[in-house]
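A quick write-up on the structure given underneath.
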Amino acid sequence: MSDTPQDVSPDPPPAGPTPPRAPRPRGNRRLRNFLLALDSWIDSTIYASGIGLRAFWDAFVAFTERFNVQGPVRLAISLASTGMSWGAIGAVLMLALAVPAFHETSDDWLKRAELSVTFQDRYGNIIGERGIRHNDTVPLEEFPDHLIKAVLATEDRRFYDHFGIDIPGTFRAVLSNARAGGVVQGGSSLTQQLAKNLFLSNERTLERKIKEAFLALWLEFHLTKNQILKLYLDRAYMGGGTFGVDAAAQYYFGKSARDVNLAEAAMLAGLFKAPSKFAPHVNLPAARWRASVVLDNLVDAGFMTEGQVFGARRNPATPVDRKQDDVPEYYLDFAFDQVKQIVDKLPRSYAERSFLVRTALDPNIQKAADLAIRDSLKQFGKDYGAKQSAMVVMEPNGAVRAMVGGRDYGESQFNRATDALRQPGSSFKPYVYTAALMTGKYTPDTIVVDGPICIGNWCPQNYGRSYAGRIPLITALTRSLNTVAVKLAEAIGRGRIVDLAHAMGVKSELKITRALPLGAAEVTVLDQTTGYAVFANNGMSVDPHTIIDMRTPAGEPVWNFDRDGPKPHRIIPENIIGMINPMLNSVVENGTGRRARLPGVKVAGKTGTTNAYRDAWFVGFTGNYVGAIWFGNDDYAPTRKMTGGTLPAMTWQKVMAFAHQGIELKPPPSLEGLPVPKLDGAVANAEALQVDGVQRPVTLSPAAARQLMTLSSRMREAAGQPIRRPTAAADPGQIPAPVPSAGASGSN
Numbered sequence: 001m002s003d004t005p006q007d008v009s010p011d012p013p014p015a016g017p018t019p020p021r022a023p024r025p026r027g028n029r030r031l032r033n034f035l036l037a038l039d040s041w042i043d044s045t046i047y048a049s050g051i052g053l054r055a056f057w058d059a060f061v062a063f064t065e066r067f068n069v070q071g072p073v074r075l076a077i078s079l080a081s082t083g084m085s086w087g088a089i090g091a092v093l094m095l096a097l098a099v100p101a102f103h104e105t106s107d108d109w110l111k112r113a114e115l116s117v118t119f120q121d122r123y124g125n126i127i128g129e130r131g132i133r134h135n136d137t138v139p140l141e142e143f144p145d146h147l148i149k150a151v152l153a154t155e156d157r158r159f160y161d162h163f164g165i166d167i168p169g170t171f172r173a174v175l176s177n178a179r180a181g182g183v184v185q186g187g188s189s190l191t192q193q194l195a196k197n198l199f200l201s202n203e204r205t206l207e208r209k210i211k212e213a214f215l216a217l218w219l220e221f222h223l224t225k226n227q228i229l230k231l232y233l234d235r236a237y238m239g240g241g242t243f244g245v246d247a248a249a250q251y252y253f254g255k256s257a258r259d260v261n262l263a264e265a266a267m268l269a270g271l272f273k274a275p276s277k278f279a280p281h282v283n284l285p286a287a288r289w290r291a292s293v294v295l296d297n298l299v300d301a302g303f304m305t306e307g308q309v310f311g312a313r314r315n316p317a318t319p320v321d322r323k324q325d326d327v328p329e330y331y332l333d334f335a336f337d338q339v340k341q342i343v344d345k346l347p348r349s350y351a352e353r354s355f356l357v358r359t360a361l362d363p364n365i366q367k368a369a370d371l372a373i374r375d376s377l378k379q380f381g382k383d384y385g386a387k388q389s390a391m392v393v394m395e396p397n398g399a400v401r402a403m404v405g406g407r408d409y410g411e412s413q414f415n416r417a418t419d420a421l422r423q424p425g426s427s428f429k430p431y432v433y434t435a436a437l438m439t440g441k442y443t444p445d446t447i448v449v450d451g452p453i454c455i456g457n458w459c460p461q462n463y464g465r466s467y468a469g470r471i472p473l474i475t476a477l478t479r480s481l482n483t484v485a486v487k488l489a490e491a492i493g494r495g496r497i498v499d500l501a502h503a504m505g506v507k508s509e510l511k512i513t514r515a516l517p518l519g520a521a522e523v524t525v526l527d528q529t530t531g532y533a534v535f536a537n538n539g540m541s542v543d544p545h546t547i548i549d550m551r552t553p554a555g556e557p558v559w560n561f562d563r564d565g566p567k568p569h570r571i572i573p574e575n576i577i578g579m580i581n582p583m584l585n586s587v588v589e590n591g592t593g594r595r596a597r598l599p600g601v602k603v604a605g606k607t608g609t610t611n612a613y614r615d616a617w618f619v620g621f622t623g624n625y626v627g628a629i630w631f632g633n634d635d636y637a638p639t640r641k642m643t644g645g646t647l648p649a650m651t652w653q654k655v656m657a658f659a660h661q662g663i664e665l666k667p668p669p670s671l672e673g674l675p676v677p678k679l680d681g682a683v684a685n686a687e688a689l690q691v692d693g694v695q696r697p698v699t700l701s702p703a704a705a706r707q708l709m710t711l712s713s714r715m716r717e718a719a720g721q722p723i724r725r726p727t728a729a730a731d732p733g734q735i736p737a738p739v740p741s742a743g744a745s746g747s748n
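Going by this note's numbering, the first residue of the sequence shown is number 1, and it counts up by one from there.
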């Protein structure tokens, strides 16, 4: 068989006639031809475009090859390109971060005034000021030339040459700080510092620095250089509660900024960056050293010669002695915060920003508290290993009569009475016992068992590491037994204790832990004073307040505590107060608080001591006053076995014994008519606190004070003298126009 393929013929057509074909429409033929032509055109166009693009690309590559570089030049170009890309991204991010800052620059930002408050004590005597006064009492041209030069030489030598950001100065500061391994030179221009003072906080973050830079550019665009310099001189904080160069000159040297000499100008110029550190009334040697640096800057900048500053070096500035002022700085700081809260609640349409505020401060009790704490730390602080203390004294209705936030405001402005969170120890137990009494399952005579208890692997023990067995509840509190407090908390629920403490005025967060009933949660001195004030106020709520009355400088009423303050409501039923107050009185008369007894009046309260003796407390009250005092260390270092019944109770007793002189003595609620115990031991032999060599004067009641002020006003009217309402410039001791008394209890 052959492998050659065979030729196969098709089958023959079938026999018969062939059927006719249907003719094709002419339109279909034309459409087909059109589509074929279109397809051909598209194909040819794409092909031609590809050829053209290929030719263009070849030409472009040939052109770019002329600029082809190799080696270091190529690397430099690549780095520059990358840097530009990241720089553009960074600029966009910085702008996004800066946008929120511009919201502060409203149309009236230059006219908008910060709060300016003049404070009076409860008798109408001016005691201090807070806030910033936006007045142009000293025009820029009236500032001494040497003062302007001292500020510019120290803060911004190229102020009149840059556009708001001193780029060379910034790089110079970065290099100096890098060499020193720390911050030794600031890079912010004077305009940037003003932007921070006007619009931003003092937080040290990259976001704030970016906002500061953009706002500096914004200020330079809207103000002249002289206007920026004037604002900087007027609104910078200068220490001692003063804002602006003129206020600082008045405070430190008793003269206007117009009249300061070169040595005084150098000392003022040294305050801008660190007013608390270099304030002359706080640390005169440091202030003079800083002034010497400013004089060096004047010479280095070429603003003055060494011969011109020689006299200022030989005769440094001497500030006015402010040690005898006894300004209640901690109290004023807290009062100013409360004024801010009140102003924030005023209608937005209210435009007044300057106020005259009468506070609840009793200057005599304030001086007594300051003196007692200083003396206690001076005499016994080293022996006990305690460096700090804080105290609050208030009326049972919450009117704060005195506040000590630390041993020395000049050294530290941190208010330990309102801001320091410390463990209260056993001074927290009254909340536990009150919550238990409020369940109705316990009374002071209820028998409880003082014995071992373990919650998981935690087994609390009593202070003496012994157990008393079956005892009444009042005895357990008097002896401050830990195991009983823990058992009560387990029985009633720790959440119930937290809720009661918060309702009584403890604003700090109270974490619910096993050690909560032993005072493991942190509170402030003000918290404890407020909480115990509920006991002294017969179970009614207490709002701690310093502000009695607010008026404008013209005397128009703005706010009054009696009218606008929160109204008291019942927190603890009266029958429970009738149980817990005698228990707290037993602590003072029979337990750990015996050193807090007062002559002629019954006292209730509780001591508190924490683990490792880090905190020591006494919180107590009469029917007249409530007081809480704390001793310890800022760094939480342990004391040398200081307990609440030692130095805290002794210091509390000194202050309260002074405060109760010359007034109608009132026992705590539910203790009326009971005999006052005879003092013995250290309390009986304790020397009365002497303030300025004068015993505490008789204190007027709120009603008597109002009547006296009304009588004074009528006598002036009868004599034909105009009645001047107190203003910010009023003399100390001027009697204000009669106003309703806020926070009036019969404790005066």
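Every residue, glycine too, gets a C-beta built ideally from N, C-alpha and C.
For residue i, does the count of other Cβ atoms within 10 angstroms reach 16, so buried, or fall short, so exposed?
{"i": "residue 59", "result": "exposed"}
{"i": "residue 78", "result": "exposed"}
{"i": "residue 694", "result": "Because the pLDDT at residue 694 is just 49, under 50, the model does not fix this residue reliably, and the value given afterwards should be weighed accordingly. Exposed: under 16 other Cβ atoms inside 10 Å."}
{"i": "residue 580", "result": "buried"}
{"i": "residue 29", "result": "exposed"}
{"i": "residue 478", "result": "buried"}
{"i": "residue 749", "result": "Outside the shown range of the chain, which is 1 to 748, sits residue 749, and nothing can be said about it."}
{"i": "residue 50", "result": "exposed"}
{"i": "residue 653", "result": "buried"}
{"i": "residue 722", "result": "Its pLDDT being 44, under 50, residue 722 is placed unreliably in this model, and the coordinates cannot settle the point."}
{"i": "residue 279", "result": "buried"}
{"i": "residue 320", "result": "exposed"}
If you compare alpha carbons, which of the options is closest to residue i?
{"i": "residue 442", "options": "429, 416, 431 and 473", "result": "473"}
{"i": "residue 575", "options": "629, 444 and 620", "result": "444"}
{"i": "residue 193", "options": "145, 126, 675 and 272", "result": "272"}
{"i": "residue 463", "options": "496, 91 and 425", "result": "425"}
{"i": "residue 402", "options": "544, 678 and 478", "result": "544"}
{"i": "residue 573", "options": "82, 539 and 623", "result": "539"}
{"i": "residue 667", "options": "643, 489 and 624", "result": "624"}
{"i": "residue 282", "options": "314, 240 and 460", "result": "240"}
What separation, rounded to the nearest whole angstrom, lies between the Cα atoms of residue i and residue j?
{"i": "residue 391", "j": "residue 686", "result": "20 Å"}
{"i": "residue 286", "j": "residue 296", "result": "15 Å"}
{"i": "residue 466", "j": "residue 362", "result": "45 Å"}
{"i": "residue 121", "j": "residue 376", "result": "26 Å"}
{"i": "residue 43", "j": "residue 57", "result": "21 Å"}
{"i": "residue 626", "j": "residue 245", "result": "41 Å"}
{"i": "residue 304", "j": "residue 379", "result": "50 Å"}
{"i": "residue 690", "j": "residue 368", "result": "8 Å"}
{"i": "residue 440", "j": "residue 352", "result": "52 Å"}
{"i": "residue 37", "j": "residue 65", "result": "42 Å"}
{"i": "residue 317", "j": "residue 547", "result": "38 Å"}
{"i": "residue 520", "j": "residue 501", "result": "14 Å"}
{"i": "residue 32", "j": "residue 46", "result": "21 Å"}
{"i": "residue 629", "j": "residue 422", "result": "12 Å"}
{"i": "residue 431", "j": "residue 211", "result": "47 Å"}
For residue i, name the three-state secondary structure that DSSP assigns.
{"i": "residue 696", "result": "With a pLDDT of 49 at residue 696, under the threshold of 50, the modelled position of this residue cannot be trusted; read the value that follows with caution. If DSSP states are grouped into helix, strand and coil, residue 696 belongs with coil."}
{"i": "residue 275", "result": "helix"}
{"i": "residue 726", "result": "The pLDDT assigned to residue 726 is 36, lower than 50, so where the model puts this residue is not dependable, and the model offers no usable value."}
{"i": "residue 603", "result": "coil"}
{"i": "residue 307", "result": "helix"}
{"i": "residue 557", "result": "strand"}
{"i": "residue 250", "result": "helix"}
{"i": "residue 222", "result": "helix"}
{"i": "residue 267", "result": "helix"}
{"i": "residue 184", "result": "Model confidence at residue 184 stands at a pLDDT of 48, short of 50, so the residue's coordinates are unreliable; what they give is reported in the following sentence. The answer is coil: DSSP assigns residue 184 none of H, G, I, E or B."}
{"i": "residue 83", "result": "helix"}
{"i": "residue 388", "result": "strand"}
Inset, instruction - Taking 8 Å as the threshold, find out whether the segment 556-563 comes into contact with the segment 403-411 through three or more Cβ pairs. - result: no
Inset, instruction - Taking 8 Å as the threshold, find out whether the segment 290-310 comes into contact with the segment 142-156 through three or more Cβ pairs. - result: yes
Inset, instruction - Assess, as a yes-or-no matter, whether the segment 410-418 is touched by the segment 591-605 under the definition of 3 or more beta carbon pairs within less than 8 Å. - result: no
Legend entry - contact_flag[the segment 250-264, the segment 219-226] where n(CB pairs < 8 Å) is 3 or more: no
Legend entry - Given 8 Å, three or more beta-carbon pairs between the segment 630-650 and the segment 581-595: yes
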